[in-house]
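K.L.:
Residue 93, in UniProt numbering, is where the sequence shown stops; the numbers in between run on with no holes. For glycine and all other residues, C-beta sits at the position ideal for the given N, C-alpha and C. Model, not experiment: these values are computed from the prediction.
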Amino acid sequence: LRDFLLVYNRLTELCFRHCVCNLNHRLLTGHEEQCLEGCAGKLVHANHRLVRAYVATMPSVLQRRAQQLQEPLPGASPGPAAAAGPGEPWQGS
Numbered sequence: 001l002r003d004f005l006l007v008y009n010r011l012t013e014l015c016f017r018h019c020v021c022n023l024n025h026r027l028l029t030g031h032e033e034q035c036l037e038g039c040a041g042k043l044v045h046a047n048h049r050l051v052r053a054y055v056a057t058m059p060s061v062l063q064r065r066a067q068q069l070q071e072p073l074p075g076a077s078p079g080p081a082a083a084a085g086p087g088e089p090w091q092g093s
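1. Let's test the definition: count the other Cβ atoms within 10 Å of the Cβ of Cys-19 and tell me whether it reaches 16, buried, or not, exposed.
2. Between the C-alpha atoms of Pro-59 and Gln-68, what's the straight-line distance to the nearest angstrom?
3. Using the Cβ count rule (16 or more neighbours within 10 Å means buried), how would you classify Cys-21?
4. Which whole-angstrom value describes the C-beta separation of Leu-28 and Cys-15, a residue pair presumed to lie in contact below a C-beta threshold of 8 Å?
5. Between which two residues does the alpha helix (DSSP H) harbouring Cys-39 extend?
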């Protein structure tokens with residue numbers, strides 16, 4: 001969500017700087033309005049493409065992370081429960 005909001009804010013700022021040249025009036029001029037519609041339309045379309053790509057890659061990213069979490073850390077010794085063997089109670093010292 002944070003990344004989406006950052007992209008949204010950047011796109012908004014880009015279109016505003018590109019299209020709005022006069023802040024003396026409360027309403028947009030016809031030229032400013034057309035420019036903003038075109039700019040925002042292009043950027044919204046690009047953002048939709050980014051979101052589709054993100055959604056398509058997320059399952060594989062989550063699967064890799066899950067596999068990494070299941071792998072033991074290198075150099076880590078098995079815990080006391082793992083040393084006891086399956087089905088055997090741990091006999092602490």
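P.N.:
In brief:
1. To locate residue 19, count along the sequence shown from 1; it is residue 19. It counts as buried.
2. Residue numbering aside, residue 59 sits at position 59 when the sequence shown is read from its first letter. Residue numbering aside, residue 68 sits at position 68 when the sequence shown is read from its first letter. Answer to the nearest angstrom: the Cα atoms are 14 Å apart.
3. Working through the sequence shown from its first residue, we reach residue 21 at position 21. Exposed: under 16 other Cβ atoms inside 10 Å.
4. In the sequence shown, residue 28 corresponds to position 28, counting from 1. In the sequence shown, residue 15 corresponds to position 15, counting from 1. Taking the Cβ atoms as the reference, Leu-28 lies roughly 12 Å from Cys-15, outside the contact range of under 8 Å.
5. As a first step, residue 39 is located in the sequence shown; it is residue number 39 there, counting from the start. Counting along the chain, the alpha helix (DSSP H) containing Cys-39 begins and ends at 30–70.
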